[in-house]
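Encoded as structure tokens, the structure appears first; notes follow it.
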Amino acid sequence: MGGDYSMNERYTTPRGRPAKPLPNPSLITRAVIQFLQMFMSETLAKRVVSLILIAVGTPNLQITELTEMSDRSIWNLKKDIHGGDIDSLFTTERGGGRPGKAKGIEGAIAEELEKNNYHTRQQVADMILDKFGISMSVSAVGKLLKKTASGG
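Just so we're aligned: 173 in this note's numbering is position 110 of the sequence shown, and the numbers increase by one with no gaps anywhere.
Rendered as structure tokens:
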């Protein structure tokens, strides 16, 4: 039959005495998030826990402390809940950054590398600038070469 524990002291137990507050709710929250990470990403696990805390009326500040999500993220979750699009809350989008400079011409670069003889990454960077008009650092060229060598 449940227990005498609650996160909110205003609730009483079935026997009428005040509920005992949890000694350290952040430890329990972290343990739940770690468990959920066996099935989903950390972001999604934190979001699920936050949704439950929002549903039971936990204040934003406490949700932020318990889940380590930003206050802005909590506000956005609440806004999405009120918008009615609940299904979108259980998906995460990958990548929000700028697309790579060589995106779309990687095949042409690989073709050029097969045709000619380039010995250094600097030579490859110079060739990319001359032929494609794209300035790339030596380290970016190294990453591109690694990506094209692995077929990715």
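The beta-carbon is built from N, C-alpha and C at its ideal position, and this holds for glycine as well.
Keep in mind that this is a model prediction, so the values were computed, not measured.
{"Item": "Straight-line gap, S89 to E128 (C-alpha atoms, nearest Å)", "Value": "8 Å"}
{"Item": "Euclidean distance between Cα positions of H145 and I91", "Value": "27 Å"}
{"Item": "K109 in three-state terms, based on DSSP", "Value": "helix"}
{"Item": "In chain order, each beta strand (DSSP E) run of at least 3 residues that lies wholly inside the segment 81-141", "Value": "none"}
{"Item": "Extent of the continuous alpha helix (DSSP H) run through R184", "Value": "R184 to F195"}
{"Item": "Residue of G196, E169 and I117 minimising C-alpha distance to L208", "Value": "E169"}
{"Item": "Whether V112 touches I96 by CB criterion (8 Å)", "Value": "yes"}
{"Item": "I168, enclosing alpha helix (DSSP H) - first and last residue", "Value": "From DSSP, I168 is part of no alpha helix (DSSP H); its letter is neither H nor E."}
{"Item": "Cβ neighbours of Q100 in the same chain (closer than 6 Å, five flanking residues each side left out)", "Value": "A108"}
{"Item": "Touch test, the segment 164-178 against the segment 121-141, Cβ-Cβ under 8 Å, three pairs minimum", "Value": "no"}
{"Item": "Proximal residues to A94 (C-beta, below 8 Å), its chain only, five neighbours per side dropped", "Value": "none"}
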